[in-house]
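Just so we're aligned, residue 527 is where the sequence shown starts under the working numbering, counting upward by one.
Backbone N, C-alpha and C fix where the C-beta goes; we use that ideal spot for every residue, glycine too.
Reading through the structure tokens given below for one structure.
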Amino acid sequence: MGNNNLFALDIGTRKIVGLVMQKNDTSYNVMASEMIEHSTRAMIDGQIHDVEAVAATIKKIKTRLEEKLQIKLTSAVVAAAGRALKTTFGSARKERNLLNEINREEVRALELEAVQQAQYLLAQEEKGSRDKSNYFCVGYSVISYQLENQEIASLVGQVGAHIAVQVVATFLPRVVVDSLFSSLKRADLDIFSLTLEPIAALSIAIPPNMRLLNLALIDIGAGTSDIAIVKNGNIFGYAMVPSGGDKFTEIISAQYLLDFNQAEVIKRLLDSQEEVEMEDILGNKSLVASAEIQNILQPAIEELGNNIASNISAINQQPPDAVVCIGGGSLTPALTSVLAQKLNLPANRVGIRTPASFSLIKLDADYLQGPQGVTPLGIAYYSFTIPPLPFIKVSVNGRELALWNMGDINVASALLSSGIVLNNIYGKPGLGKTVEVNGYIRVIKGEMGTPPVIKVNEEEATLETKLKEGDQISFVAGQDGKDASITARGLIPPMNGHVYVNGEKVHLYPLVRVNGDLFDPDMELKDRARIEFKTINNMENILELAGVSRDLLQGRPYTYYLNGQEMFLKWMPVKVFISGKETGLYEEIEFGSEIYYTIEHMRPRIRDVLNEVGGMELEVSVNGQEITITSQSAAVFMNGHPVDLDKEIINQASITWDQNESTAILSDIFNIIEIKPPLSGRLVIKVDGEPGGFTTPIYNHSQIELIWEE
527 MGNNNLFALD
537 IGTRKIVGLV
547 MQKNDTSYNV
557 MASEMIEHST
567 RAMIDGQIHD
577 VEAVAATIKK
587 IKTRLEEKLQ
597 IKLTSAVVAA
607 AGRALKTTFG
617 SARKERNLLN
627 EINREEVRAL
637 ELEAVQQAQY
647 LLAQEEKGSR
657 DKSNYFCVGY
667 SVISYQLENQ
677 EIASLVGQVG
687 AHIAVQVVAT
697 FLPRVVVDSL
707 FSSLKRADLD
717 IFSLTLEPIA
727 ALSIAIPPNM
737 RLLNLALIDI
747 GAGTSDIAIV
757 KNGNIFGYAM
767 VPSGGDKFTE
777 IISAQYLLDF
787 NQAEVIKRLL
797 DSQEEVEMED
807 ILGNKSLVAS
817 AEIQNILQPA
827 IEELGNNIAS
837 NISAINQQPP
847 DAVVCIGGGS
857 LTPALTSVLA
867 QKLNLPANRV
877 GIRTPASFSL
887 IKLDADYLQG
897 PQGVTPLGIA
907 YYSFTIPPLP
917 FIKVSVNGRE
927 LALWNMGDIN
937 VASALLSSGI
947 VLNNIYGKPG
957 LGKTVEVNGY
967 IRVIKGEMGT
977 PPVIKVNEEE
987 ATLETKLKEG
997 DQISFVAGQD
1007 GKDASITARG
1017 LIPPMNGHVY
1027 VNGEKVHLYP
1037 LVRVNGDLFD
1047 PDMELKDRAR
1057 IEFKTINNME
1067 NILELAGVSR
1077 DLLQGRPYTY
1087 YLNGQEMFLK
1097 WMPVKVFISG
1107 KETGLYEEIE
1117 FGSEIYYTIE
1127 HMRPRIRDVL
1137 NEVGGMELEV
1147 SVNGQEITIT
1157 SQSAAVFMNG
1167 HPVDLDKEII
1177 NQASITWDQN
1187 ESTAILSDIF
1197 NIIEIKPPLS
1207 GRLVIKVDGE
1217 PGGFTTPIYN
1227 HSQIELIWEE
């Protein structure tokens, strides 16, 4: 085709219309057109459900037009229905050279920047949504231009340093657009341009010179009712109701047991015939009054009218000046009056617009004369009046994509269009672990994630790499790093050795406890684990390896009152000795040491309590030499009752004792001092100046004299 010819396709829910339009100096001429209804329900609510069936119908239309006009059709302009439509506002500002006039290319670049901002805002909105569909921009309309902060009708040819634009951009889920692309590709057609059906219909049904009025355009098709609002000279917003003429066909089909296609024929005859003849699926024939069928449809008509009116009110915030209806569904009996009622408008403010009022367009096909002809004509007309943005084809991991060329396209744009979420392409770091080791916090980091691997035409690339027609992108998302992994063994200093305990050789290794329980040091630790261990040559660790119960090594706290004073005692039943010398349980022992331990009383005795405070020690003088000996008896009371020294104490017991009444016998001093008797003579013993013997009691501060007489 030449530059003045366009092949336009209106791929609707009930039918597909294809036409070739030619632009002349003063008019637009439809050179040829074809219309084929779907033989099956290949489309539902404006969405292609059977790509192969839709592609076959498109190919038939293409072939017929090629035969009629003796031309080769290689690309088409198409429009998508407003199903799952998303509308977002975007804006852009620019500072520029004050001296140069603003040209059309500069304005176009500013508009595209505003569209990209709208796309970014939509992506931000969709982050928290469960709907993760990738959205494709199918068109935009300028709301306003500004020059030096003043609104202006057009920037082209103006001079100024500050320019701005606000647009309303429309987006559809990628799945809707991809099904269109796939259908055209199977019919051997490229996409020349893509827009939205209400945008295309607006361009011809409500041209710019009518947009100072506040008008609502409703394109009521078989599966959807698309809505567009204009006011103050600009397009103000869009909406979509996922219902149309097929709803009425389905009601007729169910009510009278008709197949869908026959019900569709009956629906179209309601306005032109008082009675319609029908035959149900069981072969029963009947003649039914059109008024009866219309009464059955009335609740559904009311519902559709109410939904359309509600969407108009939500966008416009008030009733519009008038409503313009197009599309085959607008011929539904009583629908325009219902809309007028729901919007509180006079009946003559809601009307149907047909191509008969389009003086610039010449056509002869009957199926294009009614309101259903507005959208296919608008698709072609819009592509002539608004220069379309070209598409470029690239592939992502072997999947071909058509990208709307809004200036420079980079790898990031292609990945987004393919449905890849860019905020997860870099591998996340593995989760770390925090553990407590003997009271100290240790943080073990996870592995770092890897970056994505991006190649364009087998060469390394980045997200910013610019793309051109036919580029092949290979993309592999980064791999997440492994979570932190640690065992207790990795936290323990390596040591080895042995000792001898009560004559037995003991090989030393660490006993590890996690959260208080014994734990295999080679097992994986969980996050927030609390690890406790002793060095292998710690006496407590050694004794536990030797079989001493941990309970005996923990020490048991006792509180008691001695002569009215509160006292504390941590009792260790285990006594440990190295080379005969008592050693603490928390000492670190040299490898090879010989250790001896005994297990004494499980609970402390009065004797132990008094030993703890030094109460069993008696200071006595022997021939002027001060020595300390251990008393063997004492006058002790526990909770008011006399007790002997081997009585076990009770926790919180009240103990009274007079050290001056603690006694030993004189022979006890010979455990401390050594006396060498002369060859002859007699030992004379005196205690505190009085004669004594080996069994004479001695007290604290007793004076003892040992004299050898000839």
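- Non-local beta-carbon contacts of Q643 in its own chain, meaning distances under 7 Å to residues more than five positions away in sequence, involve G616, S617 and A618 in chain order.
- For G1110, DSSP assigns no beta-bridge partner whatsoever.
- Under the 10 Å beta carbon count, R1076 is surrounded by fewer than 16 other beta carbons and is classified as exposed.
- A873: not part of any beta strand (DSSP E); DSSP gives it neither H nor E.
- Secondary structure of R1133 (DSSP, three-state): helix.
- Put simply, of G975, D1172, I1191 and T1182 the residue whose alpha carbon is nearest the alpha carbon of V1162 is T1182.
- Taking 8 Å as the upper bound for CB-CB distance, I1155 and D1194 are in contact here, some 5 Å apart.
- No Cβ-Cβ contact shorter than 8 Å links E674 with G683.
- Partner residues in the beta bridge of K981, as assigned by DSSP, are E986 and S1000.
- In the DSSP assignment, S709 falls within the unbroken alpha helix (DSSP H) covering R700 to R712.
- Judged by their CB atoms, I755 and M766 are not nearer to each other than the 8 Å cut-off.
- For T589, no beta strand (DSSP E) encloses it; the enclosing alpha helix (DSSP H) starts and ends at V577 to L595.
- Distance from the CA atom of F786 to the CA atom of R540, rounded to whole angstroms, is 11 Å.
- For the options F917, L929 and G1007, the alpha carbon positioned closest to that of P955 is the one of G1007.
- For the 8 Å CB-CB criterion, V703 and Y666 do not form a contact.
- The beta carbons of K757 and N735 sit no closer together than 8 Å.
- The beta carbon of T614 is closer than 6 Å to those of A644, L647, L648 and A695 in its chain, skipping five residues each way along the sequence.
- Between F917 and A906 a beta carbon distance of about 18 Å is seen, past the 8 Å cut, so the two are scored as non-contacting.
- DSSP lists I717 as the bridge partner or partners of A602.
- Measuring C-alpha to C-alpha distances from G996 to each of V920, I951 and T1013 identifies V920 as the nearest.
- When only Cα atoms are considered, E926 and F707 end up about 10 Å apart.
- By the C-beta criterion, the region 845 to 853 is judged not to be in contact with the region 816 to 823, since fewer than 3 inter-stretch pairs fall below 8 Å.
- Cβ neighbours of T858 within its own chain (closer than 7 Å, five residues either side excluded): G771, F774 and I827.
- Within the same chain, and ignoring the five residues on either side of V979 in sequence, the residues whose Cβ sits closer than 6 Å to its Cβ are V1002.
- The Cβ neighbour count for N1041, taken over all protein chains shown within 10 Å, is under 16; the residue is labelled exposed.
- Inter-residue distance for I562 and K588 is about 11 Å (C-alpha atoms, whole angstroms).
- The three-state reading of DSSP puts G1042 in coil, since its state is none of H, G, I, E or B.
- Take N923, set aside five residues on each side of it, and the residues of its chain with a beta-carbon closer than 8 Å to its own are S944, I999, S1000 and F1001, in chain order.
- In the three-state reduction of the DSSP assignment, T911 falls in the helix class.
- N675 carries a coil assignment under DSSP once its states are collapsed to helix, strand and coil.
- The beta carbon of S729 is closer than 8 Å to those of G904, Y907, Y908, T911 and I912 in its chain, skipping five residues each way along the sequence.
- In summary, M1049 is exposed, with fewer than 16 beta-carbon neighbours lying within 10 Å of its beta-carbon over all protein chains present.
- P1083 sits in a strand when the DSSP states are folded into three classes.
- A1179 sits in coil when the DSSP states are folded into three classes, being neither helix nor strand.
- Beta-bridge analysis with DSSP links V694 to F615 and S667.
- Annotation: the continuous beta strand (DSSP E) that includes T1156 extends over Q1151 to T1156.
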